[in-house]
Amino acid sequence: MIKRKNDLTKIFSMYESDFALCEQTIRNHSKSFYKAFSKLPKQKALSIFAIYSFCREADDSIDVYGDVDRLNKLKRELDDFLAGEIPDRYFWRALVPVFETYEMNQQSFYDMLLGQEMDWAFQQPETQTELEEYSYYVAGSVGLMLLPILSDCPDEIRSQAIQLGEAMQITNILRDIGEDFNNQRIYLPKEIMERFDVSLNSLEKGIINDSFIELWEYEATRAEQLYSKAQTMLHTIHKDCQEALLLSIYFYKEILNSVRQSNYQCFNKRNFVKKSQQLELYQKAKNYLKTL
């Protein structure tokens, strides 16, 4: 149940130092997300920073530390947290007022951890369906975590929130093909690679030919379809959150264009959205919101 504004201010101020660490975490690791969500009203922004910090710890457990025990510890801490015993880490303390203020989707936190377990025991997806299922667990679940902060009726836009997370995950995959290959992970589905005649050998050599571009565009088109579907939830998002959410969509979607502009070089280059493009996207978002 949402508390009165004065109550909220008091609750959140009790954890000021923990929220400061959460804010630093998202600033260090995701400048685009930070730029988008830092524009939210303060308590909503802080809530999202706390959720991001939990997700960052889960992701780093596998991708940075390669330590499934660290991930399992996080799962045990989640059990304790939901049972009312607060683990002694900054993001758990910051999540206390978040869970007190909003009707959080508890299962989505467990689903996110399951997605990291899938990365630990990684297997290349056989089909597009498997890829999108994986994308739900590692990213669509995060959309469900954020919904109670952004909307009064999260159940009505559950599917769009999942689609946004999936679109972002596919975008990550398309941006990081070379980096992931070097880490012995190929997220492109086997059936799609076969359809477009792209081999493991060609990925290893970083070959960018017509076949690779056609495969890449197939997945990019799918991501863009999911972004479009996700954008339909804006009507149900709080007015003071619409711009931040739309910017996150625009910023991430633009990564695809950045790869295109670099002639699909995603093997030895990390593509990003330039500041000049970000300014254009800010204006685009403001113009679009005037039409709602």
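Letter by letter, the sequence shown follows residues 1 to 292 of the UniProt record's numbering.
From the three backbone atoms N, C-alpha and C, an ideal C-beta is built for every residue, glycine too.
Since the model is a prediction, treat every value here as computed from it, not as a measurement.
- Shown here for Gly-115: same chain residues with a beta carbon closer than 6 Å to its own, the five before and five after excluded, namely Tyr-137, Val-138 in chain order.
- Between the alpha carbons of Phe-122 and Glu-166 lies a gap of roughly 18 Å.
- In summary, Pro-41 is exposed, with fewer than 16 beta-carbon neighbours lying within 10 Å of its beta-carbon over all protein chains present.
- The C-alpha of Leu-82 is placed about 50 Å away from the C-alpha of Asn-209.
- Contiguous alpha helix (DSSP H) elements confined to the region 58 to 125 occur at 68 to 82, 90 to 101, 106 to 120, taking only those with 4 or more residues.
- Inter-segment contact for the region 52 to 65 and the region 21 to 31 is present: three or more beta-carbon pairs are separated by less than 8 Å.
- When the beta-carbon positions are compared, Asp-176 and Ser-141 stay at least 8 Å from each other.
- The straight-line gap separating the alpha-carbon atoms of Glu-214 and Val-198 is approximately 10 Å.
- Within the same chain, and ignoring the five residues on either side of Arg-270 in sequence, the residues whose Cβ sits closer than 8 Å to its Cβ are Arg-175, Asp-176, Glu-179.
- The region 147 to 160 and the region 233 to 251 touch, with no fewer than 3 CB-CB distances between them shorter than 8 Å.
- Within the same chain, and ignoring the five residues on either side of Lys-253 in sequence, the residues whose Cβ sits closer than 8 Å to its Cβ are Ala-167, Thr-171, Ala-223, Glu-224, Tyr-227.
- Using a C-beta cut-off of 8 Å, the region 242 to 257 makes contact with the region 276 to 284, since at least three inter-stretch Cβ pairs fall below that distance.
- For Tyr-34, the enclosing alpha helix (DSSP H) stretches over residues 31 to 37.
- Contact between the region 8 to 18 and the region 68 to 84 is not established, with fewer than three Cβ pairs separated by less than 8 Å.
- Nearest to Trp-120 by alpha-carbon distance, out of Val-98, Leu-147, Asp-67, Trp-92, is Asp-67.
- Of the candidates Asn-287, Asn-263, Leu-203, Arg-260, Asn-287 places its Cα closest to the Cα of Glu-243.
- Here Leu-215 carries a helix assignment [DSSP, helix/strand/coil].
- Per DSSP, reduced to three states, the secondary structure at Gln-184 is coil, with no helix or strand assignment.
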